[in-house]
Each structure stands twice: as C-alpha cells, then as structure tokens.
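Q: Take a look at this one; I'll ask things after.
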Amino acid sequence: MPTFAGMDESGQLLQQLAADFIASGIAGTALERTIEWVDTDAAGHHHNSAILRFVEAAEAKLFREAGAESYFSISPRVRHEVDYRAKLYFGQAVTTAIRVEKVGASSMSFGFKVWGHAHQGRGFALAAEGRFVTVCVPVGGESSAPWPREILAGIDAGS
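Residue numbers for the sequence shown follow my numbering, so the first one is 306 and each next one is one higher.
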C-alpha cells in the first residue's frame, strides 16, 4: 500500500479505504498520481479519460507485481463501466485502487475506485468507481482461451 506524501488524518483514512477495498478482492493494488495539466479539460477539472489512464496504470502495476507481464499482450477489455462522483483538479493527489473480483476460465472482472486527496480547501472524495472485464485472447488469436497458469498463479487465482 502506498504511503502518501505529507500524510495527514484524511490521507490515513484514504489509505485505509484503499486497503479495505483491495482486501475484499482476489488480488489488488493501489497507486498515487497527481492531476497534471494534460489531465484537465476546458472546464478546469479532470477529463474523463484521466480516470481510465489511472486505472490502466494500476492494472499494469498489479500484473507487474504478480510477475505476470504476459497479461498485457493477451487481455483486451470487453466491458468498461465508470460512475463519476466528484471533480479532480490540477495539482491534486489521486489514489487509484484496483482489485480482481472474479476470474473465469477466459475472463477476469475488476473493480476500481479513484479518490481525490484534500486539495485547496476541498476535502478528500471518491471521484470515480467502476468495473471492467478483460478476456484472454492469445497473440494472433481471434477468440478467447483459458488464462495461462502464470497469470492465475501470479494473482493466486487457482491452479
């Protein structure tokens, strides 16, 4: 679990919220990012695509930590759902937590939450949450296939 720079009481609460969210899944991780200028839109807050990039970065971290880097070339998304709850602003720290919720023979379901840290007089808030599904499609393949053992073992999802 990341330790947030300059962690105060709200930072400790965010760390606990992320840990609790991750613990209720099969595997998971969290990461911290900062909203950069490129992450904002003309309205002055985050663009919706920033959430997806943060989630993808957390997903990449999860599978790198699991030693399952073959996941990246064989796992297209087949479903994505996001509920946007609060705005994020330039310079604001953000924590993204992701967890594996279900592993099927050839599919994997994930949940995620993205929190904005306290920033410029605003308290911390859940900015977005959602789910997505990936399917194992071997390189060069056109249809799904069972997950390789390396990936399942990396996230402790059966043998």
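Yeah, the Cβ is synthetic: ideal placement off N, Cα and C, and Gly gets one too.
How far does the beta strand (DSSP E) with S354 in it reach, from first residue to last?
A: Run containing S354: none in the beta strand (DSSP E); it sits in the alpha helix (DSSP H), N353 to E370.
Q: Pull up the CB-CB distance for T400 and L367, whole angstroms please, since I reckon it's below 8 Å.
A: Wrong, their Cβ atoms sit about 14 Å apart, outside the cutoff.
Q: According to DSSP, simplified to helix, strand and coil, what is V343?
A: helix
Q: Confirm, please, whether the CB-CB distance from I456 to V405 is below 8 Å.
A: no
Q: Alpha carbon to alpha carbon, how far is L318 from I327?
A: 14 Å
Q: So Q438 and R382 are supposed to be a Cβ contact under 8 Å. How far apart are they, rounded?
A: It is worth fixing the name first, because residue 438 is Val in this sequence and not Gln. With a contact defined as Cβ atoms closer than 8 Å, V438 and R382 qualify at about 7 Å.
Q: Whose C-beta lies closer than 6 Å to the C-beta of S464 among residues of the same chain, with five residues either side of it excluded?
A: Reliability fails at S464, whose pLDDT of 41 lies under 50, so the model's placement of it is uncertain and the value that follows must be treated cautiously. Around S464: no qualifying Cβ.
Q: Output the distance between the C-alpha atoms of A398 and H422, rounded to the nearest integer angstrom.
A: 5 Å
Q: Report yes if the CB atom of A402 is closer than 8 Å to the CB atom of A430, and no otherwise.
A: no
Q: Can you tell me where the alpha helix (DSSP H) holding R454 begins and where it ends?
A: R454 to G459
Q: Is the CB-CB distance between E434 and D388 below 8 Å?
A: yes
Q: Which same chain residues end up closer than 7 Å to L336 when comparing Cβ atoms and leaving out the 5 residues on each side of it in sequence?
A: Within the same chain, L336 has close Cβ partners P307, A362, A363, K366 and T401.
Q: Could you say which of S411, W420, Y394 and R427 lies nearest to V343 if we only look at CA atoms?
A: Y394
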